[in-house]
Amino acid sequence: MKRPFMPITPASEPYWSYLQKDELWIPRCNSCSQLVFYPREICPHCASLEFTWEKMSGRGKVYSFTVIRRPFLPEFAAMSPYVFAIIELEEGIRMASNIINCQPNDVYIGQSVRAVFEEHENGRKLVLFEPA
Amino acid sequence: MSLRGCAAIVGIGELAPMVDAGKMTTLGMASQVTSRALIDAGLKITDIDGVLAAPDTIEDPLMWGGQVAEYLGIKSNYVDIVDLGGATAAAMVWRAAAAIKAGMCHTVLCLTSNLWNVERFYKTFIPRLSTEAQYELPYGPMGANSGYAMIAQRHMHLYGTTPAQLAKVAVDQRTNACHNPEALYCGKPITIEDVLNSPLVVDPLHLLEIVKPCSGAAAVIVTASVRAPDCRSKPVYLLGAGEHATHSSIIYSPDITTSPIKQSAKRAFAMAGLTPGDMDLVSLYDCYTITVIVSLEDAGFCGKGEGGPFVEETDLTFKGKLPCNTHGGQLSWGQPGLAGGMSHVTEAVRQLRGICGDRQVRDARLALVNCNGGIMSDQATLILGREVY
Ligand SMILES: [Zn+2]
Chain A
1 MKRPFMPITP ASEPYWSYLQ KDELWIPRCN SCSQLVFYPR EICPHCASLE
51 FTWEKMSGRG KVYSFTVIRR PFLPEFAAMS PYVFAIIELE EGIRMASNII
101 NCQPNDVYIG QSVRAVFEEH ENGRKLVLFE PA
Chain B
1001 MSLRGCAAIV GIGELAPMVD AGKMTTLGMA SQVTSRALID AGLKITDIDG
1051 VLAAPDTIED PLMWGGQVAE YLGIKSNYVD IVDLGGATAA AMVWRAAAAI
1101 KAGMCHTVLC LTSNLWNVER FYKTFIPRLS TEAQYELPYG PMGANSGYAM
1151 IAQRHMHLYG TTPAQLAKVA VDQRTNACHN PEALYCGKPI TIEDVLNSPL
1201 VVDPLHLLEI VKPCSGAAAV IVTASVRAPD CRSKPVYLLG AGEHATHSSI
1251 IYSPDITTSP IKQSAKRAFA MAGLTPGDMD LVSLYDCYTI TVIVSLEDAG
1301 FCGKGEGGPF VEETDLTFKG KLPCNTHGGQ LSWGQPGLAG GMSHVTEAVR
1351 QLRGICGDRQ VRDARLALVN CNGGIMSDQA TLILGREVY
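These protein sequences, in sequence, are chains A and B.
Going by the working numbering, the first sequence opens with residue 1, and the numbers climb by one from there.
Going by the working numbering, the second sequence opens with residue 1001, and the numbers climb by one from there.
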């Protein structure tokens, strides 16, 4: 399917580049040592501008989710119903994703999931999650 | 310095929500409600010296505040746009009071006017997203629907809130709407079963738990309290106000089942010197049923996590123990863009004036109004009173 990707920004370039190698990396603030997601040019915890990128385990849990039955973006019509979720990585940060490779009705909060990397039509890769 | 008692709402003008606005225009609707609000207040357009306008959420014109002021014929000492989504209306009222208190102006028109155009909305939706939506959009979120659905899902998981408890909010508000001829769903009572049998749109939320976008407008005139007694209608005083936000996208909320109303209501009550128990009614932004439950909890009307049983046991209609959204709320009255948020202000004003007829809450003296923007993001809370208690 053709997902709607948005332009990559200077702050997000490493994130998307690592995904192309099937790896999930997140910036950690050099000053307060907190992981920051989404990647940006300033630390939202301490306003520092310096980060070091770190590889994530790809393991996490479902923090919350919903089953989308009437998508309003036409690109997703063929995929519905599908699970849109917030994943909490074991490293502590949360991100949006989809849970795939299972029935929407089998997804639950607290479920263990792991990252999978999916290539799309335009060659860009995206991190999704499946039951671990 | 506090805003307590410094300003009053002296005029309201509103259009009933419209599913089909025909040939109406944004400025045309703004004209209608401005005229109504001026008549209500017994003021002339030349008495207005400040304008706070809500953005045109579809067309996004440049320097909109100035365009609105010019069109209406207002020579302004203060003009601005308040762009906080659903929180805009209540946020305007305290900003108006603050500008008045600071001496920048004395009488402010707070204006919301929005035409709903579904094709136009979807066409402009993606181009208007922040670049930071790059981490969400490829996963196919469903705007506010998927955000509030995830809030509801986690609330159910943590606290055992049930679909029937969520549905009760929609049912009580529909009862209220059936006593308000201006409500879109007046004359169409519903039961909990009706809600639960309506299609699941975005789990766990059903169609009847989700607002219906439409077109409409509302204007509110805020003036200095010293000027209020000279106005035609009974003034309603601002006793407290608070505002807070912790996130824009719900993905990055510190805790998705806790609303920033926790801080905004706390600040509003502190300013007013009042508590939740003092309120005779509440007017809570209700884009979804879950929004009302979380707002009741975090504003302090029940304990955290007890919102489900609380709404199940509490009659939220105008006849009940805690009247909530007596106009029907946006779920049953309609969501005419940002005027939907303003409906929570105008209904509280009508109740405190005692002019609600059939749905009048007996001896309503104090009301809490909360407006909620984004995905439980910006919160603006007001405490309004019939007098400065
Ligand atoms: Zn930092």
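Note that CB positions come from ideal geometry on N, CA and C, so glycine has one too.
Here the structure is a predicted model, which is why all the values come from computation and not from measurement.
- In terms of side-chain proximity, the C-beta atom of A:Ser48 is found nearer than 6 Å to a non-hydrogen atom of ligand 1.
- Look at B:Glu1209: its C-beta is not under 7 Å from any C-beta on chain A.
- Boundaries of the beta strand (DSSP E) harbouring B:Val1108: Thr1107 to Asn1114, taken from the DSSP string.
- Below 8 Å, too few C-beta pairs join the region 1013 to 1023 of chain B and the region 1243 to 1259 of chain B to call them touching: fewer than three.
- For B:Gly1307, same chain residues with a beta-carbon under 6 Å away, outside a window of 5 residues either side, are Ile1293, Leu1296 and Glu1297 in chain order.
- Residue pairing for B:His1247: DSSP places it in no beta bridge.
- Taking C-alpha positions only, A:Tyr38 is separated from A:Pro74 by approximately 26 Å.
- The criterion of a C-beta distance shorter than 7 Å is satisfied by B:Val1051 and B:Ile1074.
- Taken through DSSP and simplified to helix, strand or coil, B:His1206 comes out as strand.
- With 16 or more other Cβ atoms inside 10 Å of its own Cβ, B:Val1369 counts as buried.
- DSSP places B:Asp1278 within a helical segment (H, G or I) once states are collapsed to three.
- For A:Cys29, the shortest C-beta to heavy atom distance toward ligand 1 is below 6 Å.
- Residue environment for B:Val1361: buried (at least 16 other C-beta atoms within 10 angstroms of its C-beta).
- Per DSSP, A:Cys102 has no beta bridge partner at all.
- The C-beta distance from B:Gly1328 to B:Ala1177 rounds to 3 Å, short enough to fall under 8 Å.
- For A:Ile26, the closest C-alpha among the options A:Gln20, A:Ala47, A:Val36 and A:Ser17 is that of A:Val36.
- In this structure, B:Ala1367 is the residue among B:Ala1367, B:Val1222, B:Asp1203 and B:Gly1305 with its C-alpha nearest to the C-alpha of B:Ala1265.
- The closest heavy atom of ligand 1 lies less than 6 Å from the beta carbon of A:His45.
- Following the DSSP letters along the chain, one finds B:Ile1009 inside the beta strand (DSSP E) bounded by residues Ala1007 to Glu1014.
- A:Phe76 is a Cβ neighbour of B:Gly1140, given a cutoff of 7 Å.
- If you look at B:Val1033, you'll find it in the alpha helix (DSSP H) that goes Thr1026 to Ala1041.
- Cβ contact annotation for B:Ala1054 (same chain, cutoff 6 Å, sequence separation greater than five): Thr1088, Thr1112 and Leu1338, in chain order.
- For the options A:Ser80, A:Leu19 and A:Ala47, the alpha carbon positioned closest to that of A:Pro104 is the one of A:Ser80.
- Within the model, the alpha-carbon separation for A:Lys55 versus A:Glu23 is close to 7 Å.
- Residue-level contact check: B:Ile1048 does not touch chain A, since none of the beta carbons of chain A fall below 7 Å from its beta carbon.
- Residue nearest to B:Phe1269 within the set B:Tyr1122, B:Arg1227, B:Leu1200 and B:Gly1385 is B:Gly1385 (criterion: CA-CA distance).
- Counting along the chain, B:Glu1312 sits inside the alpha helix (DSSP H) bounded by residues Gly1307 to Glu1313.
- With contacts defined by Cβ atoms closer than 7 Å, A:Ile100 and A:Glu130 form a contacting pair.
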